[in-house]
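Remarks on the structure that follows.
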Amino acid sequence: MSATGQIFIEALDLYAYHGHFAEEGRLGQRFSMDLVLDCDLRASSLSDDIADTVDYGEVVGLATRTFSGKRFKLLEAAARALAEAILAEYPAVTKVAVTLRKPAPPIPGRMDSVGVKLDFTR
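Under the working numbering, the residues of the sequence shown are numbered 1 to 122, in order.
Structure follows, in structure tokens:
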């Protein structure tokens, strides 16, 4: 029996200093992140042991460090850095979908958020 599936982290809320505009780098802003990791969950579904899966708590820590460790002008570049870090750290992950949102972008108009969604495959 196959147990291929996904581990997901939704609406991880982080504060960082990313953006194209100088005030974004100076003042910072909130970001929201969703991560979806495709991986084989067969071993962990049988063993019930965290050592046999990708620990999503560790993924949150890695994503937080990666996202906050460098200033990015574009969400696209930040999404790539996140995916590369996850794929490098977790060989069991075959695909990563990264969604990044700016809930309060410094642009005119009324909207809930702006953002990007990028998929990366090993």
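Even glycine gets a Cβ: it sits at the ideal position worked out from N, Cα and C.
Here the structure is a predicted model, which means the values were calculated and not measured.
Using the rule of at least 16 other Cβ atoms within 10 Å of the residue's Cβ for burial, across every protein chain shown, is residue i buried or exposed?
i      : result
Tyr15  : exposed
Ala78  : buried
Gly19  : buried
Leu75  : buried
Thr121 : exposed
Thr53  : buried
Ser44  : buried
With C-beta atoms as the reference, is residue i less than 8 Å away from residue j?
i      : j      : result
Ser32  : Arg101 : yes
Asp38  : Thr94  : yes
Ala63  : Leu41  : no
Leu35  : Phe8   : yes
Arg30  : Pro103 : yes
Ala92  : Asp119 : no
Lys117 : Thr99  : yes
Spell out the partners DSSP gives residue i in its beta bridges.
i      : result
Phe120 : Val96
Gly115 : Arg101
Tyr15  : Arg30
Gly5   : Cys39
Segments of 3+ residues assigned as beta strand (DSSP E) that fall wholly inside the segment 25-89: 29-40
contact_flag[the segment 21-29, the segment 76-93] where n(CB pairs < 8 Å) is 3 or more: no
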